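Engineer:
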Ligand code: ATP
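Numbering (UniProt numbering), first residue to last: 1 to 350.
(1) My assumption, with CB atoms under 8 Å, is that residue 141 sits in contact with residue 89. Please give the rounded CB distance.
(2) Reducing DSSP to helix, strand and coil, say where residue 47 ends up.
(3) Put residue 316 into one of helix, strand or coil per three-state DSSP.
(4) Terminal residues of the continuous beta strand (DSSP E) containing residue 271?
(5) Note down, in chain order, each residue of its chain lying with its Cβ closer than 6 Å to the Cβ of residue 129, except the 5 sequence neighbours on either side.
(6) So for residue 307, helix, strand or coil by DSSP?
(7) Decide if the segment 206-214 is in contact with the segment 21-28; the criterion is three or more beta carbon pairs, one per stretch, under 8 Å apart.
(8) Taking residue 282 as the reference, give the member of 86, 343, 48, 43 with the closest Cα.
(9) Could you spell out the range, first to last residue, of the alpha helix (DSSP H) harbouring residue 64?
(10) Quick one: residues in its chain with C-beta nearer than 8 Å to the C-beta of residue 210, no 5 flanking neighbours on either side, listed in chain order?
(11) Should residue 21 be listed as close to ligand 1, given that the test is whether its C-beta is under 6 Å from any heavy atom?
(12) Which runs of the alpha helix (DSSP H) fall wholly inside the segment 111-153 and span at least 4 residues, in chain order?
(13) Within this structure, are the beta carbons of residue 270 and residue 315 separated by less than 7 Å?
(14) Once you ignore the five residues that flank residue 239 on each side, which residues in its own chain have a CB closer than 6 Å to its CB?
(15) Round the Cβ separation of residue 161 and residue 83 to the nearest angstrom and send it over; I've been treating them as touching at under 8 Å.
(16) Would the beta-carbon of residue 308 fall within 7 Å of that of residue 294?
(17) Is the beta carbon of residue 219 sitting closer than 7 Å to the one on residue 156?
(18) Using only the heavy atoms of ligand 1, determine whether one of them is closer than 6 Å to the beta carbon of residue 45.
(19) Is the CB-CB distance between residue 144 and residue 124 below 7 Å?
(20) Could you tell me if the beta carbon of residue 41 falls within a distance shorter than 6 Å of some heavy atom in ligand 1?
(21) When the Cα of residue 338 is compared with those of 292, 318, 60, which residue comes out closest?
(22) Straight-line CA distance for residue 118 to residue 59?
(23) Is it buried or exposed, residue 190, if we count other Cβ atoms within 10 angstroms and call 16 or more buried?
(24) Around the C-beta of residue 198, are 16 or more other C-beta atoms found within 10 angstroms, so that it is buried, or is it exposed?
(25) Using C-beta distances below 8 Å, list every residue in its chain close to residue 260, excluding the 5 sequence neighbours before and after it, in chain order.
(26) In terms of residue numbering, what span does the alpha helix (DSSP H) encompassing residue 174 cover?
(27) Report the option in 54, 105, 134, 177 whose CA atom is closest to the CA atom of residue 153.
(28) Determine the closest residue to residue 287 out of 258, 299, 28, 305, with distance taken between C-alpha atoms.
(29) Under the rule that 16 or more other beta-carbon atoms within 10 Å means buried, what is residue 222, buried or exposed?
(30) So if DSSP puts residue 290 in a beta bridge, which residue, or which two residues, is it bridged to?
(31) Does the Cβ of residue 16 lie closer than 6 Å to at least one heavy atom of ligand 1?
(32) The beta strand (DSSP E) that contains residue 16, what's its start and end?
(33) Check whether the Cβ atoms of residue 134 and residue 163 lie closer than 7 Å to each other.
(34) Which residue comes first and which comes last in the beta strand (DSSP E) that contains residue 241?
(35) Taking 6 Å as the cut-off, does the CB of residue 195 come closer than this to any heavy atom belonging to ligand 1?
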């Protein structure tokens, strides 16, 4: 991020009556960054986006964008384009008139509007669609047009409020890749609200994980996934096994196993990603190996979620990921026993 953040939120708080929807949010976003607000329903991510847009007024706190204090500016005087979850195109206007909307409002000369609209519909992969009406377009196409409309005035900031959640799974993945590629080619600073962790992990430069009106963690997708700052983040982002354990004099006791781990003696919970429990390669004499028995195999295509029972760890439903090839090579099925290995350097303890 450059030294002066493009967007700065300072102590932004929002109360609805006696309910505090946002608790004193501080956040810096750099120019050209793609940031996702990620969190469960009701955590305040949409409210925060709407405050940045001026569609909602914060109870207190400040927002600056591009070095300008926009805290109290009405939406029309701010510099952003926005796309909502539901398509929100004007149904009685053609694609061209929808996309041109912001330009016409700014008294852009007609010839220029026409040229810009044609550029924009090309940009979002729908060249020649100017004469169509929203009702003639699929959900994904409508969102592409909504994106074109949001980008028409070349805003400094692009705000996306769950733009993909009404689309089917395939279209969602396709459009999120297109949005990311477009964002990178234009270099436009972008904030996307989502409750879908995979979406956030796959497109964001940084993720802001929110919970109950507060920020739990801000980091790159890899940091959020590999170095979760709290049990909430570890649980919310990605799959994780949670095992009761105890720290005792530089060791972690989990079931009958002892693993090297620094920390003050106390009862803890061990957070272990399924991919950090390995079924191979296990060599004779390897440390941290334990026996497990397969209880259930969830077939997901090229790989499987395998639920095992591991008395050594006192774990009754430990999930590991095994490839279909590995399962068939080793003739593994429900009831088979298999040795597994922990990676102590990947373990998180809270
Ligand atoms: P979702 O994904 O379900 O939209 P969210 O994280 O975007 O969730 P918000 O829509 O920001 O959550 O809402 C945060 C909290 O503030 C919720 O508990 C919601 O009920 C409350 N809230 C939002 N808008 C209002 C309002 N206008 N009046 C009262 N409470 C509100």
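C-beta: ideal position from N, C-alpha, C; glycine also.
For clarity, every value in this text was computed on a predicted model and none was experimentally measured.
Structural biologist: This is what the structure holds:
(1) Translated into the one-based positions of the chain shown, residue 141 becomes position 141. Translated into the one-based positions of the chain shown, residue 89 becomes position 89. In fact, because the Cβ distance is near 10 Å, the residues do not count as touching under 8 Å.
(2) Here residue 47 refers to the residue found at position 47 of the chain shown. Residue state, collapsed to three classes: helix.
(3) Locating residue 316 in the chain shown gives position 316, counting from the first residue. DSSP places residue 316 in strand when its eight states are reduced to three.
(4) Looking up residue 271 in the chain shown gives position 271. Element bounds for residue 271: 266-272.
(5) As a first step, residue 129 is located in the chain shown; it is residue number 129 there, counting from the start. Result list for residue 129: 95, 121, in chain order.
(6) One-based indexing of the chain shown puts residue 307 at position 307. Residue state, collapsed to three classes: strand.
(7) yes
(8) As a working note, residue 282 is residue 282 in the chain shown. That would be 343, whose Cα lies nearest to the Cα of residue 282.
(9) In the chain shown, counting from the first residue as 1, residue 64 sits at position 64. Unbroken run through residue 64 is the beta strand (DSSP E), 60-65; no alpha helix (DSSP H).
(10) The residue given as residue 210 occupies position 210 in the chain shown. These residues qualify, in order along the chain: 37, 38, 39, 43, 44, 45, 48, 216.
(11) Here residue 21 refers to the residue found at position 21 when the chain shown is read from its first residue. Yes, since a heavy atom of ligand 1 falls inside the 6 Å radius drawn around the Cβ of residue 21.
(12) Counting only runs of 4 or more, we get 139-151.
(13) Taking the chain shown and counting its residues from 1, one reaches residue 270 at position 270. Taking the chain shown and counting its residues from 1, one reaches residue 315 at position 315. No.
(14) The count along the chain shown starts at 1 and reaches residue 239 at position 239. Closer than 6 Å at Cβ, skipping near neighbours: 274.
(15) Numbered from 1 along the chain shown, position 161 holds the residue referred to as residue 161. Numbered from 1 along the chain shown, position 83 holds the residue referred to as residue 83. Confirmed, about 7 Å.
(16) Within the chain shown, numbered from 1, the residue matching residue 308 stands at position 308. Within the chain shown, numbered from 1, the residue matching residue 294 stands at position 294. Yes, the pair counts as a contact, with Cβ atoms nearer than the cut-off.
(17) Within the chain shown, numbered from 1, the residue matching residue 219 stands at position 219. Within the chain shown, numbered from 1, the residue matching residue 156 stands at position 156. No, they are not a contact pair.
(18) For the purposes of this step, residue 45 is taken as residue 45 along the chain shown, with counting starting at 1. At least one heavy atom of ligand 1 is nearer than 6 Å to the Cβ of residue 45, so yes.
(19) To locate residue 144, count along the chain shown from 1; it is residue 144. To locate residue 124, count along the chain shown from 1; it is residue 124. Contact: yes.
(20) Locating residue 41 in the chain shown gives position 41, counting from the first residue. Yes, since a heavy atom of ligand 1 falls inside the 6 Å radius drawn around the Cβ of residue 41.
(21) The residue given as residue 338 occupies position 338 in the chain shown. Nearest of 292, 318, 60 to residue 338, Cα basis: 292.
(22) As a first step, residue 118 is located in the chain shown; it is residue number 118 there, counting from the start. As a first step, residue 59 is located in the chain shown; it is residue number 59 there, counting from the start. C-alpha separation (whole angstroms): 41 Å.
(23) For the purposes of this step, residue 190 is identified with residue 190 of the chain shown, where counting begins at 1. Counting Cβ neighbours within 10 Å, residue 190 comes out buried, since at least 16 surround it.
(24) Reading the chain shown from its first residue, position 198 is the one you call residue 198. Looking at its Cβ environment, which holds fewer than 16 other Cβ atoms inside 10 Å, residue 198 is exposed.
(25) Stepping through the chain shown from its first residue, residue 260 is reached at position 260. Taken in chain order, the residues that qualify are 250, 251, 252, 344.
(26) Here residue 174 is taken as the residue at index 174 of the chain shown, counted from 1. That run of the alpha helix (DSSP H) goes 169-186.
(27) In the chain shown, residue 153 corresponds to position 153, counting from 1. When 54, 105, 134, 177 are compared, the shortest CA-CA separation from residue 153 is found for 105.
(28) By 1-based counting over the chain shown, the position of residue 287 is 287. Here the closest residue by C-alpha is 258.
(29) Here residue 222 corresponds to residue number 222 of the chain shown, with the count starting at 1. Classification for residue 222: exposed.
(30) Along the chain shown, one-based indexing puts residue 290 at 290. For residue 290, which the question treats as bridged, DSSP gives the partners 340.
(31) Stepping through the chain shown from its first residue, residue 16 is reached at position 16. Flag set: Cβ of residue 16 near ligand 1.
(32) In the chain shown, counting from the first residue as 1, residue 16 sits at position 16. 7-16 is the span of the beta strand (DSSP E), which, as asked, contains residue 16.
(33) Residue numbering aside, residue 134 sits at position 134 when the chain shown is read from its first letter. Residue numbering aside, residue 163 sits at position 163 when the chain shown is read from its first letter. The answer is no: Cβ separation not under 7 Å.
(34) Numbered from 1 along the chain shown, position 241 holds the residue referred to as residue 241. From DSSP, the beta strand (DSSP E) with residue 241 extends over 241-248.
(35) By one-based count along the chain shown, residue 195 stands at place 195. True, at least one ligand heavy atom lies under 6 Å from that Cβ.
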